[in-house]
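Respectively, the protein sequence lines represent chains A and B.
Numbering-wise (this note's numbering), the first sequence opens with residue 1 and increments by one.
Numbering-wise (this note's numbering), the second sequence opens with residue 1 and increments by one.
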Amino acid sequence: MPHALVVAEIADDGKPKKATLAAISFAKKALPAVGGAFSILVLGSAAKAAAQELAGYGATKVLVCEDPSLAKYTAEGYAPTVAEAGKGFALVVATATSQGKDLMPRVAARLDAAYAGDCADVSVEGGALRYKRPMYAGNTFGTVELTTPVHVATARQSEFEAAQPSGGSSPVEAFAKVAPGAAAGRVDIVSFDTVKSERPELTEARVVVSGGRALKEQFFQVLEPLAQALGAAIGASRAAVDAGYAPGDYQVGQTGKIVAPQLYVAIGISGAIQHIAGMKSSKVIVAINKDAEAPIFQIADYGLVADLFQAVPALTAELKKRRPAG
Amino acid sequence: MKVLVPLKRVADPDNANKIKLAPNGAAVDTTGLEWKMNPFDEYALEAALRLTENGKAPKQRLGEVVVVTLGPKECEQTLRSALATGADRAIRVDTTDEALDGRLVAHALKSIVLAEKPDVVLLGKQAVDGDSNQVGQRLAELLDWPMATFAATIREEQGALLVGREVDGGVLTLRVRLPAVVTVDLRIVAPTSVFSLHTDAAAHKYGEGVRFAPLPAIMAAKKKPLDTKTLAELAPGVALTTKTLKFEKPAARSAGVKVKDVSELVEKLMNVSKVL
Ligand SMILES: Cc1cc2nc3c(=O)[nH]c(=O)nc-3n(C[C@H](O)[C@H](O)[C@H](O)COP(=O)(O)OP(=O)(O)OC[C@H]3O[C@@H](n4cnc5c(N)ncnc54)[C@H](O)[C@@H]3O)c2cc1C
Ligand SMILES: Nc1ncnc2c1ncn2[C@@H]1O[C@H](COP(=O)(O)O)[C@@H](O)[C@H]1O
Chain A
1 MPHALVVAEI ADDGKPKKAT LAAISFAKKA LPAVGGAFSI LVLGSAAKAA AQELAGYGAT
61 KVLVCEDPSL AKYTAEGYAP TVAEAGKGFA LVVATATSQG KDLMPRVAAR LDAAYAGDCA
121 DVSVEGGALR YKRPMYAGNT FGTVELTTPV HVATARQSEF EAAQPSGGSS PVEAFAKVAP
181 GAAAGRVDIV SFDTVKSERP ELTEARVVVS GGRALKEQFF QVLEPLAQAL GAAIGASRAA
241 VDAGYAPGDY QVGQTGKIVA PQLYVAIGIS GAIQHIAGMK SSKVIVAINK DAEAPIFQIA
301 DYGLVADLFQ AVPALTAELK KRRPAG
Chain B
1 MKVLVPLKRV ADPDNANKIK LAPNGAAVDT TGLEWKMNPF DEYALEAALR LTENGKAPKQ
61 RLGEVVVVTL GPKECEQTLR SALATGADRA IRVDTTDEAL DGRLVAHALK SIVLAEKPDV
121 VLLGKQAVDG DSNQVGQRLA ELLDWPMATF AATIREEQGA LLVGREVDGG VLTLRVRLPA
181 VVTVDLRIVA PTSVFSLHTD AAAHKYGEGV RFAPLPAIMA AKKKPLDTKT LAELAPGVAL
241 TTKTLKFEKP AARSAGVKVK DVSELVEKLM NVSKVL
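Below, the structure is given as structure tokens:
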């Protein structure tokens, strides 16, 4: 019976991205429908170290495709090889990072496969895979059936525990690069303007402090000290990003990052459904807003009606007082 | 420059929390919700108009924008509103929403692209009903064209587009040589996000957001060409391969309590929720 193939993502330091561990968990949940086994595919110009690390997660094998032309990711350059590797598998899955969402539908088209993106869950029913997908800004979940021989999917990182190493060591095998089509020759990477931050990754943090339009130009001035006191990542609403107070990479919501931390603090955010779609799986939600009627209070566990420019510094001070170590 | 903009109409996204489910979760019931153009497609249309004009003299069209939708007759309203905003021609592919999935839409669009030969296909990054985020990528692969998804900025160059993409960790700038597929993100409608070669990028600033159709344009749009095609002629033999077996509502979150000040808040977080 055909197995599952996890497409890994490598960080700049050559290590596998933590996000990949969500796709591994996804594949493990799918095991009863895919012959009880999965493999992992790693691509890059220097991918052996990442492959070695991923060999500890119980895969049948780790396929490594190393080639200088794969040093920098483009969908056009990667899709042909990923699709070739995916042939003969029942399921090809990656995590729904910006790379996964860019690459995997292109891979699906190449395999003429149906695609289920940003899945919150996967299950097995009568031997077949069922994908649970959020739709309508998370206001409904659809249980989706794909009927092509190969399925392609991405996993929503916040909904899958990071897979734990299971011991043992999977054999690592070389996989030959497939020459890309004309498209790859017509795209160039010009630059990558990275957002530098001392804070943890938004999608991996235990605590997230998010700011809205109300923060104005003082966005970081107000939020940094609080984020520091909580060891939190910083997020933003669309309005705060549109206004230029925070980078695009910070946006939480239906069409931004999906987060599910232990604690989410929404500051000066009204609570539009598109924002809520990105954070409502958080364990505890705190809202600070001066408008007692703001919709965010309808989903907040603790609401504080206050002017944020007073409340946030006061909260920071209070935290430092009570938790000097934090 | 000729731009093709595929657009979809969706149930009012700002009221998506009001959708109901048919008994047994067999279908989504959007009764009572207005149809709106998918917001990302509105943005794609705005970007297409900016790419086919000099921002200083937008009345003079310097290229062609063709809009296309796959859906029932009532979608023609959405096409007409796109024509009123400035698109030149429209195509409707007659079908129903239930008869479509991303794979089929991409195959049908490919046939239209081969016939229309646009320089750029500009799509939304996702339709906010299914939140599926796949048609643009699939179309690019079917055409073997380069693509730039999640575009926040577009600058036209000679025979190419310079596209700033919002990705994890920052903004990645790609140069795609035409013809190409671009899917747009929210920031594409900011005042300095999109410039054609005709517009003086150093001097011009657009208004925030998308433009609106003036009343005379709404009347004039009724006379602009709108062709109809069938799914059978555009995607012969392509079957539906994605089926949603059931829909369910997520567990509701209820409102908690209001705290009187920050010290009560910290108290609760430490001793009741124990998240600190
Ligand atoms: C296609 C589409 C996709 C979208 N995707 C997203 C998304 O992914 N994420 C997202 O966030 N949004 C998204 N949006 C936008 C969303 O609809 C809202 O417009 C946005 O979330 C509002 O941001 P905000 O809460 O910061 O601003 P506002 O709605 O303006 O709210 C500001 C809040 O701050 C409060 N406030 C003001 N001053 C103070 C003060 N001094 N102290 C305390 N409180 C104060 C006000 O009471 C108000 O509640 C999307 C919209 C569309 C159309
Ligand atoms: N029925 C449709 N008719 C026209 N364009 C569509 C249709 N469905 C999707 N699209 C286009 O594809 C984009 C991505 O949609 P999706 O992959 O379904 O999230 C949308 O923003 C539209 O530009």
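C-beta: ideal position from N, C-alpha, C; glycine also.
Can you tell me where the beta strand (DSSP E) holding residue i begins and where it ends?
i	result
residue 150 (chain B)	147-157
residue 36 (chain B)	35-37
residue 192 (chain A)	187-194
residue 286 (chain A)	284-289
residue 273 (chain A)	No beta strand (DSSP E) contains residue 273 (chain A), which is instead part of the alpha helix (DSSP H) from 273-276.
residue 230 (chain B)	226-230
residue 120 (chain B)	120-124
With which residues is residue i paired in a DSSP beta bridge?
i	result
residue 40 (chain A)	A:6, A:62
residue 246 (chain B)	A:143
residue 125 (chain A)	A:128
residue 95 (chain A)	A:155
residue 165 (chain B)	B:151, B:172
residue 302 (chain A)	A:286, B:257
residue 29 (chain B)	B:20
residue 173 (chain A)	A:63
residue 267 (chain A)	A:211, A:288
Measure the beta-carbon distance from residue i to residue j and round it to whole angstroms, keeping in mind my assumption that it falls under 8 Å.
i	j	result
residue 263 (chain A)	residue 286 (chain A)	7 Å
residue 272 (chain A)	residue 288 (chain A)	With 8 Å as the limit, residue 272 (chain A) and residue 288 (chain A) do not qualify as a contact, their Cβ atoms being about 16 Å apart.
residue 92 (chain B)	residue 76 (chain B)	6 Å
residue 262 (chain B)	residue 311 (chain A)	6 Å
residue 104 (chain B)	residue 240 (chain B)	6 Å
residue 91 (chain A)	residue 65 (chain A)	Not confirmed; about 19 Å, so no contact.
residue 188 (chain B)	residue 152 (chain B)	6 Å
residue 141 (chain B)	residue 106 (chain A)	5 Å
residue 329 (chain A)	residue 50 (chain A)	Because chain A in this structure spans residues 1 to 326, residue 329 (chain A) falls outside the shown range and cannot be described.
residue 186 (chain A)	residue 177 (chain B)	4 Å
Going by alpha carbons, who is nearest to residue i out of the options?
i	options	result
residue 184 (chain A)	B:193, B:97, B:112, B:174	B:174
residue 95 (chain A)	A:203, A:313, A:266	A:203
residue 194 (chain A)	A:176, A:247, A:71, A:132	A:247
residue 233 (chain B)	B:2, B:70, B:23, B:64	B:70
residue 228 (chain B)	B:208, B:131, B:112	B:112
residue 116 (chain A)	A:125, A:126, A:127, A:135	A:135
residue 200 (chain A)	B:169, B:31, B:179, B:220	B:169
residue 139 (chain B)	B:132, B:109, B:269	B:109
residue 8 (chain A)	A:150, A:1, A:24	A:24
residue 196 (chain A)	A:171, A:233, A:166	A:233
residue 267 (chain B)	A:313, A:318, A:293	A:318
residue 182 (chain A)	B:145, B:194, B:202, B:162	B:145
residue 60 (chain B)	B:22, B:49, B:102, B:264	B:49
residue 82 (chain B)	B:39, B:147, B:132, B:15	B:39
residue 74 (chain B)	B:58, B:253, B:35	B:35
residue 298 (chain A)	A:320, A:266, A:323, A:146	A:266
residue 140 (chain A)	B:20, B:265, B:219, B:156	B:20
Check for me: the alpha helix (DSSP H) holding residue i runs from which residue to which?
i	result
residue 271 (chain B)	262-271
residue 28 (chain A)	20-30
residue 160 (chain A)	Counting along the chain, residue 160 (chain A) falls outside any alpha helix (DSSP H), and DSSP gives it neither H nor E.
residue 242 (chain A)	238-242
residue 48 (chain A)	48-54
residue 215 (chain B)	215-221
residue 109 (chain B)	102-116
residue 76 (chain A)	75-86
residue 83 (chain B)	76-85
Closer than 8 Å by beta-carbon distance: list the chain B residues that pair up with residue i, in chain order.
i	result
residue 1 (chain A)	Here the premise fails: no neighbours, minimum Cβ distance about 20 Å.
residue 254 (chain A)	128, 131
Could you name the residues of chain A that residue i contacts, counting a contact when the two beta carbons are closer than 8 Å?
i	result
residue 133 (chain B)	101, 105, 117, 118
residue 187 (chain B)	241, 242, 248
residue 226 (chain B)	By Cβ distance, chain A contributes nothing, its closest Cβ being about 29 Å from residue 226 (chain B), past 8 Å.
residue 96 (chain B)	Going along chain A, no residue has its Cβ under 8 Å from residue 96 (chain B), so there is no contact; the nearest lies around 17 Å.
residue 108 (chain B)	Neighbours of residue 108 (chain B) on chain A: none; closest Cβ ~13 Å, over 8 Å.
Taking C-beta pairs closer than 7 Å, name the residues in chain A that residue i reaches, listed in chain order.
i	result
residue 191 (chain B)	Those within 7 Å of residue 191 (chain B) in chain A number zero; the least Cβ separation is about 11 Å.
residue 17 (chain B)	139, 273
residue 69 (chain B)	Going along chain A, no residue has its Cβ under 7 Å from residue 69 (chain B), so there is no contact; the nearest lies around 19 Å.
By the criterion of Cβ-Cβ separation under 9 Å, what are the contact partners of residue i in chain B?
i	result
residue 124 (chain A)	Within 9 Å Cβ-Cβ: nothing; residue 124 (chain A) doesn't reach chain B, min ~14 Å.
residue 40 (chain A)	Per Cβ cutoff of 9 Å: no residues; residue 40 (chain A) is ~20 Å from chain B at best.
residue 134 (chain A)	131, 250
residue 268 (chain A)	Going along chain B, no residue has its Cβ under 9 Å from residue 268 (chain A), so there is no contact; the nearest lies around 15 Å.
Which bits of chain B does residue i rub up against, with CB to CB less than 7 Å?
i	result
residue 194 (chain A)	169, 170
Report the neighbours of residue i on chain A: residues whose CB is nearer than 9 Å to its CB, in chain order.
i	result
residue 195 (chain B)	Near residue 195 (chain B) there are no residues of chain A at all, since even the closest Cβ is about 16 Å away, more than 9 Å.
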